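Some notes on the structure that comes next.
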Amino acid sequence: MEFLANLLPHLLNGVSLGLLFALIALGFMLIVGVMEVINLAHGSLFALGAYVAITLMGWKVSYALAFLLAPLVVGGVGMLLELCLRRTYGKDPLYGLLLTFGAALVLEELIRLTWGSNEKVLPVPEAFNGAVLVGGLIYAKYRLFACLAAIGMIVLLWLFLEKTPYGAMIKAGAHDSEMVRALGINLPRLRLFVFALGTALAAVAGIVMAPIWGVRPHVGVDAVVPAFVIIVLGGVGSFWGAVLAGLMVGIVVGLTGAYASEWSLLSMYLLLIALVTFRARGLLGKKTALEN
Amino acid sequence: MQRNRRKLLQMLAAGAAFYGPWKLNRAWAQSGQKKPLTIGLTMDASGQFGASGQMERLGAMLAIREFNEKGGVLGRPIEAIHIDTETTPATGSRVAERMINRNEVAFLIGALSSGVANAIGQVAQKYGCVYLNTNSSSPTESGRDCHRVKFVWDGNGTNFANAIVKNAMRTYGNNWVLLTNDYVWGHNTSKATRQLLEANGGKVIDELMVPQNTRDFSSYLLKLQQIKPAVVAAAVGGDDQKAMRQQVVQAKLDRAFGWINNQQDWPDVYGLGPDAIFGIFGTTWYYRLDLPGVKEFVAKYQKTYPGMAIRVPGNVYYNGYVATRELLRCVQEVGSTNNLAIIKKMEGRKMSAADRMQHDDAWINPDTHQCQQTIYMASYNDKPAEKDDIFKILTQADPKSIADAASMQSCKLESYAQTPSYEQ
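Below you can see the structure in the form of structure tokens.
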């Protein structure tokens, strides 16, 4: 009984961590799922979001406004990246991979040149400063806010994809781009929009995570690796697969952190290996021709 | 036809092999200038210790600049090349190999991560190239992994533990949890803390391993609350430590236990804000030590590197500077870049407190090659004289009182005969 009482906070912490991981993976999932482009610059755009927010807040812009404006700026950068990517569509996926990898390096160096190599701090809004007592244990208020923000973003994105005509177009574009074009939908514009949305989501994740992880030019690497693991684990292109995988990763990392701490970072990769061994397409991924 | 082509290629290769060095040396001979002395800077510019690596590089560069302003060393201008060691031991090895074989460096300088320092040290010993480990502080660096060519300039985990543990036991209590970065520095620093704690009647009730590049400490912080230790002794460094500090403060756990952080590197804490500085920690130098030369040293940093985000130098920059300066002085005194001559000059070398801007005279232990120096214990400064005055120096420990006796036993330096002769 005492063991269970001790375990419960770690399970809850794992869920909250999982929500944050899911938030990091959302934009990545959108671009991979809809455009079949593995955007290796996702991490750098995540970092850029945090840096832009820090700059805006340095100009006395409120946290709420920075939270809205920084993703717009990063979405603009994402659009530029998509324009560069166009020449790679229909070719070997390696071209897209190389281009986004190059973009990641360029963005990281630009961040270094613009903001320097040193640690930056994105101040926590006053309302979320401090801690609360949950089940006899102290928990940071900001972390609870971050979890709520993650839930909010997941719900909003789901509503957008499932309940709006734009969402329908995006999904249709992912399934059969030729048919979408034949129906008179401007596919290049649609892709541009999807890329902007995906990168804006990376920026949102960057802003939310900045006060927890800290901000430095290479912080994006810390984001892109779990995002990649979550997408593969959840099944490429599956919205709820990504959310579910994020939660699984969070719980596994949270529990190993508490009970076998030296395994905490490795645990997500072990989970990936175990799952992919038995279910190659991930949790909610679609069957491939090879499996039929 | 193919044979002719092969012959032609062979001739071209032979010509290049002869003409390349000949042309280079002839150019130096004709110009009347001496060949520059090249120093390889093996500092991290990315990874866990990227920020600190950049600061120690600036410190080393200032020492080189000062010597160049006086005409170089042995009449030779000093050049420095820097390659990012990426806080990765494999990269450290590769960089050291490249610098020695391709760039023909005379010396190697730089390290934050003890894993990287160990990797570079092994390569340096293989060739006999003198290597200064400027800032990595695992006790193994001057213990099990010591080398005849390697000199360790920072205080190590045992020195810091010797300086802090007993005081912290008296202040906070005997039940401790160790929070250990899961690599060589963390392991050995926590090991030193554990030994000292247990020898004085304290108890380690748990040790939590923190893998390198951990960004989320929530599960550790929950676990600490469940364990309820009197003291959390953290041996967590670089970016991991920055993330940890921020999350501890957010959860308001900075006052829940006594926190000690074995060693606090200046770039890891600068800019985090005053709230993130909690607990008691060790350092080898502070920019507001009331000692002659400190103000001038700070002013020189600010003049040489205007507009830096870190406005005043810290311990990492200081170590980079004093180590490089001392090495170049030895070269000057020996009158040669021969490795064995320089090693002998450095072993047992005494350095005055005034020269090093510390409270006690320092020396290089000839048996471990570690610089024995003053260690300062500090905490957050609640009455800062200026914005950057974030440390309050609580007390200081002289080098003898905090000496690392275990390293003396575990360090087995290679003999001079086993060390290849090396000169550039």
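Chains as they are written, first to last, in the working numbering: chain A, 1 to 292; chain B, 1001 to 1424. Glycine is no exception: its CB is placed at the ideal position from the N, C-alpha and C atoms. Bear in mind the structure is a predicted one, so any value in this text is a computation, not a measurement.
Requested in this report: Reducing DSSP to helix, strand and coil, say where Leu4(A) ends up.
Outcome: helix
**Report entry** Ile1342(B) and Val1331(B) closer than 8 Å at C-beta
**Finding:** yes
Query raised in the report: When Cβ atoms are compared, which residues of the region 1162–1186 of chain B fall closer than 8 Å to chain A?
Result: Asp1182
Query raised in the report: In three-state terms, what does DSSP make of His1369(B)?
Result: coil
Query raised in the report: Relative to the alpha-carbon of Glu1414(B), which residue among Ala1080(B), Gly1075(B) and Arg1148(B) has its alpha-carbon at the smallest distance?
Result: Arg1148(B)
Query raised in the report: Which one or two residues does DSSP pair with Ser1379(B) in a beta bridge?
Result: Lys1392(B)
Query raised in the report: Any idea which residues DSSP pairs His1082(B) with across the strands?
Result: Leu1041(B)
**Report entry** Residues that Ser1046(B) contacts on chain A, provided the C-beta gap is smaller than 7 Å
**Finding:** His218
Report task. Could you tell me the boundaries of the alpha helix (DSSP H) in which Gly220(A) lies? Result -> Val219 to Gly234
Report task. Give, in chain order, every unbroken run of the beta strand (DSSP E) that is at least 3 residues long and sits entirely within the region 1309–1374 of chain B. Result -> 1362–1364
Query raised in the report: Are Asp1240(B) and Gln1048(B) close, meaning C-beta to C-beta below 8 Å?
Result: yes
Report task. Can you tell me which of the three DSSP states Trp263(A) falls into? Result -> helix
Query - Whole-angstrom distance between Arg1311(B) and Met1351(B), CA atom to CA atom - result: 27 Å
Report task. Output yes or no for whether 8 Å exceeds the beta carbon distance between Val215(A) and Ile24(A). Result -> no
**Report entry** Cross-chain neighbours of Pro1313(B) in chain A, by beta carbon under 8 Å
**Finding:** Within 8 Å Cβ-Cβ: nothing; Pro1313(B) doesn't reach chain A, min ~14 Å.
Query raised in the report: What is the rounded straight-line gap between the Cα of Asn186(A) and the Cα of Trp240(A)?
Result: 27 Å
**Report entry** One or two residues paired with Arg1099(B) in a DSSP bridge
**Finding:** Rather than Arg, the amino acid found at residue 1099(B) in this sequence is Met. Per DSSP, none; premise fails for Met1099(B).
Query raised in the report: Which residues of chain B have a Cβ atom closer than 8 Å to the Cβ of Glu262(A), listed in chain order?
Result: Asp1182, Met1209 and Pro1211
**Report entry** For Val215(A), three-class secondary structure by DSSP
**Finding:** strand
Report task. Check whether the Cβ of Met1421(B) lies closer than 8 Å to any Cβ atom in chain A. Result -> Residue identity check: residue 1421(B) is Ser in the sequence provided, not Met. No, no contact with chain A.
Query - Which listed residue (Asn1213(B), Arg1194(B) and Asp1355(B)) has its alpha carbon closest to that of Ile1205(B) - result: Arg1194(B)
**Report entry** Rounded C-alpha distance that separates Trp1022(B) from Lys1034(B)
**Finding:** Any reading at Trp1022(B) must be qualified, since the residue scores a pLDDT of 48, below 50, and its modelled position is unreliable; the value itself is stated next. For Trp1022(B) and Lys1034(B), the distance between alpha carbons rounds to 15 Å.
Query raised in the report: So, does the CB of Gly167(A) fall closer than 8 Å to a CB anywhere in chain B?
Result: no
Query - chain A residues whose Cβ lies nearer than 7 Å to that of Ile1310(B) - result: Asn118
**Report entry** Spatial neighbours of His1082(B) in its chain, beta-carbon cut-off 7 Å, leaving aside the 5 residues before and after
**Finding:** Leu1041, Met1043 and Arg1057
Requested in this report: Give the residues of chain B in contact with Tyr95(A), contact being defined as C-beta atoms less than 7 Å apart.
Outcome: The premise fails here: Tyr95(A) is roughly 26 Å from chain B at the closest Cβ pair, so nothing lies under 7 Å.
**Report entry** Residue of Gln1226(B), Pro1089(B) and Ala1397(B) minimising C-alpha distance to Lys1166(B)
**Finding:** Ala1397(B)
Query raised in the report: First and last residue of the beta strand (DSSP E) that includes Gln1263(B)?
Result: Gly1258 to Gln1263
Query raised in the report: Using a beta-carbon distance cut-off of less than 7 Å, what residues from the region 126–153 of chain A approach chain B?
Result: Gly130, Ala131, Leu137, Ile138, Tyr139, Ala140, Tyr142 and Arg143
Query raised in the report: Can Gly43(A) be considered in contact with the ligand SAH, in the sense that its beta carbon sits closer than 7 Å to one or more heavy atoms?
Result: Annotation note on the ligand SAH: not contained in the displayed structure, which lists no ligands.
Requested in this report: Examine chain A for any beta-carbon lying closer than 8 Å to the beta-carbon of Tyr1301(B), and answer yes or no.
Outcome: no
Query raised in the report: Should Val208(A) be flagged as near chain B, meaning a C-beta pair shorter than 8 Å?
Result: no
Report task. Classify Lys163(A) as helix, strand or coil using the three-state DSSP reduction. Result -> helix
Query raised in the report: Quick one: is Lys1387(B) buried, meaning 16 or more other Cβ sit within 10 Å of its Cβ, or exposed?
Result: exposed
Query raised in the report: Got a sec: is the Cβ-Cβ distance from Thr1214(B) to anything in chain A below 8 Å?
Result: yes
Requested in this report: Kindly list the residues whose CB is nearer than 6 Å to the CB of Leu1196(B), restricted to its own chain and excluding five residues on each side of it in sequence; keep chain order.
Outcome: Ala1161 and Val1165
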